[in-house]
Amino acid sequence: MSTHPETELLDLLPEDNHRLANLAGPFGRNLRLIEARVGVEINERGHRLAVIGPADFVSSAVVLLKDLYTLARDGEVTPETIHLHLQQSGFDELGDDATDESESLLVTPKRKVTGRGPNQRRYIRRIQTHDLNFGIGPAGTGKTYLAVACAVDSLMRDEVRRILLVRPAVEAGERLGFLPGDLAQKIDPYLR
Numbered sequence: 102m103s104t105h106p107e108t109e110l111l112d113l114l115p116e117d118n119h120r121l122a123n124l125a126g127p128f129g130r131n132l133r134l135i136e137a138r139v140g141v142e143i144n145e146r147g148h149r150l151a152v153i154g155p156a157d158f159v160s161s162a163v164v165l166l167k168d169l170y171t172l173a174r175d176g177e178v179t180p181e182t183i184h185l186h187l188q189q190s191g192f193d194e195l196g197d198d199a200t201d202e203s204e205s206l207l208v209t210p211k212r213k214v215t216g217r218g219p220n221q222r223r224y225i226r227r228i229q230t231h232d233l234n235f236g237i238g239p240a241g242t243g244k245t246y247l248a249v250a251c252a253v254d255s256l257m258r259d260e261v262r263r264i265l266l267v268r269p270a271v272e273a274g275e276r277l278g279f280l281p282g283d284l285a286q287k288i289d290p291y292l293r
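If you use my numbering, the sequence shown corresponds to residues 102 to 293, in order.
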């Protein structure tokens, strides 16, 4: 990556002021959010945006802005939409040079486990470096498997003394459905 910033001009077509306002958000909040997350500077002049920053970041920001401008046709682009788009597209991996598999290798008694893609490798690294993590995503993407593998790896390296597995506590009452016994008998297994 070069040290000189690159500038790319992006013309948002078709020109539609309402759509542009949906993209930028109130007081340009969405553009500032993209600047902070991707690591570029965005200068707005009508339907022409100047994206300034490192070459890789600029090209990624331009792709993101084009996609979000397309979404802006249907309504306001929210910060949550931007966040999800960045997460799903892998833009958070920009500038993260720890993407090799050796840093996300987990050793368990039966096999070695590593993340299959950049998102799983990032998830493993974050579990290893942070005390509290939230794994959010579609079913079947390996969130629980990788979390348990990280726990076993930490146990094998004597970083922890034991692994504690707990059941989720659920609300009492009709949300439990039909189970034999009174309310105390229904709830007791979840609160042990």
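Every residue gets a Cβ at the ideal spot worked out from N, C-alpha and C, and that includes glycine.
These numbers were taken from a predicted model, which means no experiment stands behind them.
Secondary structure of N144 (DSSP, three-state): strand. Of all alpha-carbon atoms in S205, V159 and K213, the one lying nearest the alpha-carbon of R227 is that of S205.
DSSP lists D112 and R146 as the bridge partner or partners of R149.
Judged by pairs of C-beta atoms under 8 Å, the segment 119-129 touches the segment 163-179, as three or more such pairs exist. In the three-state scheme derived from DSSP, where H, G and I count as helix and E and B as strand, V163 is classed as helix.
Collapsing the DSSP output to three states places V178 in coil. In the three-state reduction of the DSSP assignment, V261 falls in the coil class, being assigned neither a helical nor a strand state. Apart from the 5 residues on each side of it in sequence, V139 sits with its Cβ closer than 8 Å to the Cβ of G154, F158, S161, A162, L165, L187, F192 and L195 in its chain, given in chain order. Closest option to V267, judged by alpha-carbon separation, among Q286, A285 and L292: L292. Between the C-alpha atoms of D254 and E107 there is a straight-line separation of about 43 Å. For V139, the enclosing alpha helix (DSSP H) starts and ends at R130 to V139. Exposure of N118 is indicated by the presence of fewer than 16 other C-beta atoms within 10 angstroms of its C-beta.
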